[in-house]
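Before any comments, here is the structure.
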Amino acid sequence: MMALDLSRVAAVVRKELRDYRRKRSIVVGMLILPAIFLIEPVLFVFLGAPDPVGDPSYRAPLLLLLLIPVITPSTLAAYSVAGEREQGTLEPLLTTPIRQLEFILGKAAAVMIPSLGLSYLVFGVYLLVVRLFANPVVAAGIFNEGPMLLALFLFTPLLTGWAIVVGLAVSVRAGEIRVAQQLGMIASLPPLGVVVLMVVGVIAPTFTAALVFAALLLAVDILALRGISGLFDRERLVTGSKASRS
Amino acid sequence: MTTEQPALVVDHLTKRFGDRTAFSDVSFEVAQGEVFGFLGPNGAGKTTTVRTLGTLIAPTSGTATVAGIPLTSANGVEIRQRISVMPESPGLYLRLTVTENLEFFAGLYGVREAGSRISEALEAVNLSKRAGDLCGGLSKGLRQRVGLARALLSDPVIMFLDEPTSGLDPVAAREVHDLINVLRQKGVTIFLTTHRLDEAERLCDRVAILNTTLRTVGRPSELRQQLFTNALVVKTIGPLHDPAGLFTATPGVLGWRSDDAGAYVLSVADPRVAAPEVARALVGVGADILSISEAQHSLEDVYLELVDEDVEARKR
């Protein structure tokens, strides 16, 4: 097992966060989408049916909130390698002692931190708005959706992880940042199917279901991470083709 | 790595991408503290060689030892810890400041006391005053200097510099040359890829000329001797009446050609023997001698001779 140097991972994270902060399109993109996805759930709180208990339509806004941990990291992750390549910074970076796993973890953590922070922040703002301003009957209906809230809490980092892995894989292969971001976003959506099925009631939204699907998502994330590590071979990153030695 | 050990040993190294051969059967050694020039036309395989020795890509066959460590994928981290590579384009993060760029790379190399190392590196490339500037606002020459500062950060045993003066104005290029000389004095081995033959001639202890295969390796003066016969350049005021009769009868002269009116290039076995004989012969026929000098061939002549040979061979 290779030794992992966390200081190198931290160096990548620090650099990435500095770089994101100074790229206005990234900051604006990160803030606008969550703001949009927050509007509908908040409106629903004030305009929804008066007797929400057992009404599955009250779960729909939660689906919108779960788009945030999918879309926000997918655009950032897709930028991470394609952006380095486009700036001409990838080769100097790969000539340093950084290991493949440190590189992937650094890139992934730099996307995970703001995405997760933002997702939970929006989630918290939504619940706070419900608690403080919603009709008590509506608020009770929403807080009664315990399994859905648990799913929201557990699925958020797991969907973020999935979107990051997919985004990084697309980023390695894509020639352009914009193409990488579009493909990354589309490829990140399938796991949301589980949430859709829970919202429409095909899968009964129970605590057990939330835990089982969270465990499944975790397993998928780990497998996907292992699956993409081969793409981060230095030769493949620099020349676009896999190393061969006779 | 012991002091006697070469910094770089390359033995029958080959890299192919499918059917395309980037470079083939390349062998050479670079001593510690040597400035080694790596020359060749576009597409000759220079950058691929640097990438291979820098552990970015794996060779198809052959072996190499870099900074005393065998070139294998398992040794990649250890090798990269001891070398630094400056690609042709410095590849800086343009939205980060000069210091932030260097901090990032110091972190990747695990440089201790990074702050003072960064200050030293910036001082070495004369950029201390621009430490807080965003790299996106720097000129190409200044970015190149930041790239050099980055290459200095880890105190490398070997520095691979790929076209370090590409696109620089003469003053900036001279500063890079001065820095290379300082590094040479410190005992750093420098592997310099360049198109600028005057630069290679001035800076390099030895040069290699690559054109997919290695065409030659040696000191510039040795290469000139290997490739070109000795010659004397004779200049007279006005053309000679019978140069053929005069030069063929002169001892030590093997052949001659006229370059211009009153200018002749004589092939000679030994210029020190032939020059007095030629002078005597010219005086004997009453010629007004302007000068008799040994013909000087530049590294560029060597380079063009070898590359032209390859072009001719491909035509056949």
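In the order they appear, the protein sequences are chains Y and P. Mapping of the first sequence onto the working numbering: position 67 corresponds to residue 67, and the numbering continues sequentially without gaps. Mapping of the second sequence onto the working numbering: position 261 corresponds to residue 507, and the numbering continues sequentially without gaps. Note that the Cβ used here is the ideal one computed from N, Cα and C, for glycine as well.
Does residue i have its Cβ less than 7 Å from a Cβ in chain P?
i, result
"Pro114(Y)", "no"
"Val166(Y)", "no"
"Asp221(Y)", "no"
"Glu233(Y)", "According to the sequence displayed, residue 233(Y) carries Asp and not Glu. So no, Asp233(Y) is outside the interface."
"Ser246(Y)", "Only weak support exists for where Ser246(Y) lies, its pLDDT of 43 falling under 50; the coordinates are left without a value."
"Arg18(Y)", "yes"
"Lys15(Y)", "yes"
"Val111(Y)", "no"
"Thr208(Y)", "no"
"Thr72(Y)", "no"
"Leu105(Y)", "no"
"Leu4(Y)", "no"
"Thr160(Y)", "no"
"Arg22(Y)", "yes"
Do residue i and residue j have their C-beta atoms closer together than 7 Å?
i, j, result
"Arg396(P)", "Phe351(P)", "yes"
"Leu218(Y)", "Val165(Y)", "no"
"Val312(P)", "Ile325(P)", "yes"
"Val344(P)", "Val392(P)", "yes"
"Pro205(Y)", "Pro147(Y)", "yes"
"Arg341(P)", "Arg24(Y)", "no"
Consider the Cβ of residue i: report whether some Cβ of chain Y lies at a distance smaller than 7 Å.
i, result
"Arg326(P)", "yes"
"Ala316(P)", "The sequence given here places Pro at residue 316(P); Ala does not occur at that position. So, not an interface residue."
"Pro402(P)", "no"
"Phe350(P)", "yes"
"Gly289(P)", "no"
"Pro410(P)", "no"
"Ser385(P)", "no"
"Ile303(P)", "yes"
"Leu342(P)", "yes"
"Gly308(P)", "no"
"Gly382(P)", "no"
"Gly353(P)", "yes"
"Tyr339(P)", "yes"
"Gly361(P)", "no"
"Ser335(P)", "yes"
"Gly286(P)", "no"
"Gly300(P)", "yes"
"Val323(P)", "yes"
"Val548(P)", "no"
"Val392(P)", "no"
"Val422(P)", "no"
Closest to residue i by C-alpha separation, out of the options, would be which residue?
i, options, result
"Asp444(P)", "Val499(P), Tyr549(P) and Leu354(P)", "Tyr549(P)"
"Asp516(P)", "Glu366(P), Leu478(P), Gly383(P) and Leu254(P)", "Leu478(P)"
"Val463(P)", "His258(P), Ala268(P) and Phe274(P)", "Phe274(P)"
"Gly532(P)", "Ser362(P), Thr482(P) and Trp502(P)", "Thr482(P)"
"Leu33(Y)", "Thr72(Y), Pro41(Y), Arg21(Y) and Leu6(Y)", "Thr72(Y)"
"Leu373(P)", "Ile329(P), Glu421(P) and Thr411(P)", "Glu421(P)"
"Ala109(Y)", "Leu216(Y), Arg14(Y), Leu211(Y) and Val27(Y)", "Arg14(Y)"
"Arg238(P)", "Leu285(P), Pro497(P), Glu409(P) and Gly413(P)", "Residue 238(P) is absent from the model: chain P starts at 247 and stops at 562."
"Gly353(P)", "Arg389(P), Gly383(P) and Ser400(P)", "Ser400(P)"
"Arg262(P)", "Val323(P), Val514(P) and Ala290(P)", "Ala290(P)"
"Ser307(P)", "Asp257(P), Arg430(P) and Pro316(P)", "Asp257(P)"
"Ser537(P)", "Glu346(P), Gln327(P), Val511(P) and Ile364(P)", "Val511(P)"
"Val403(P)", "Ala418(P), Ala367(P), Ala495(P) and Val434(P)", "Val434(P)"
"Glu257(Y)", "Gly283(P), His423(P), Thr294(P) and Phe282(P)", "Beyond the ends of chain Y as shown, which are 1 and 246, falls residue 257(Y); an answer cannot be given."
"Pro92(Y)", "Gly508(P), Met405(P) and Gly378(P)", "Met405(P)"
"Gly106(Y)", "Phe213(Y), Ile222(Y) and Asp5(Y)", "Asp5(Y)"
"Pro410(P)", "Asn457(P), Ala377(P) and Ala446(P)", "Ala446(P)"
"Phe284(P)", "Asp505(P), Ser412(P) and Asp408(P)", "Asp408(P)"
"Asp547(P)", "Gly264(P), Glu468(P), Ser365(P) and Ala419(P)", "Glu468(P)"
So, at 6 Å on beta carbons, what are the nonlocal neighbours of residue i in its own chain, with the 5 sequence-adjacent residues on each side left out?
i, result
"Leu394(P)", "Val371"
Among residues of its own chain, excluding the 5 on either side of residue i, which ones have a beta-carbon nearer than 8 Å to its beta-carbon?
i, result
"Ser246(Y)", "Residue placement at Ser246(Y) is poorly supported in this model, since its pLDDT is 43, which falls under 50; the coordinates are not used for a value here."
"Val529(P)", "Ile535"
"Thr260(P)", "Thr267, Phe269, Ser270, Asp271, Val272, Pro305, Thr306, Ser307 and Gly308"
"Asp221(Y)", "Leu158, Gly161, Trp162 and Val165"
In chain A, what lies closer than 8 Å to residue i by C-beta?
i, result
"Ser7(Y)", "Checking the listed chains, one finds no chain A in this structure; the protein chains it contains are Y and P."
Spatial neighbours of residue i within its chain, please: CB distance less than 7 Å, with the 5 preceding and 5 following residues excluded, ordered by chain position.
i, result
"Asn288(P)", "none"
The segment 266–285 of chain P in contact with the segment 59–72 of chain Y per 3-pair CB rule at 8 Å: Verdict: no, contact absent.
query: Is there contact here, the segment 274–292 of chain P with the segment 249–261 of chain P, by at least three beta-carbon pairs under 8 Å?
result: Result yes; three or more Cβ-Cβ pairs closer than 8 Å.
- request: Count the CB pairs spanning the segment 227–234 of chain Y and the segment 85–104 of chain Y that are closer than 8 Å, and state whether there are at least three.
  value: Output reads yes: the segment 85–104 of chain Y touches the segment 227–234 of chain Y.
query: Taking contact to mean at least 3 C-beta pairs separated by less than 8 Å, is the segment 69–85 of chain Y in contact with the segment 181–201 of chain Y?
result: Between the segment 69–85 of chain Y and the segment 181–201 of chain Y there are three or more C-beta pairs closer than 8 Å, enough to call the two in contact.
- prompt: Is the number of C-beta pairs between the segment 329–341 of chain P and the segment 83–97 of chain Y that are closer than 8 Å three or more?
  reply: Short answer: they touch.
Three-pair Cβ contact test at 8 Å for the segment 109–127 of chain Y versus the segment 193–209 of chain Y: Under the three-pair Cβ rule at 8 Å, the segment 109–127 of chain Y does not count as touching the segment 193–209 of chain Y.
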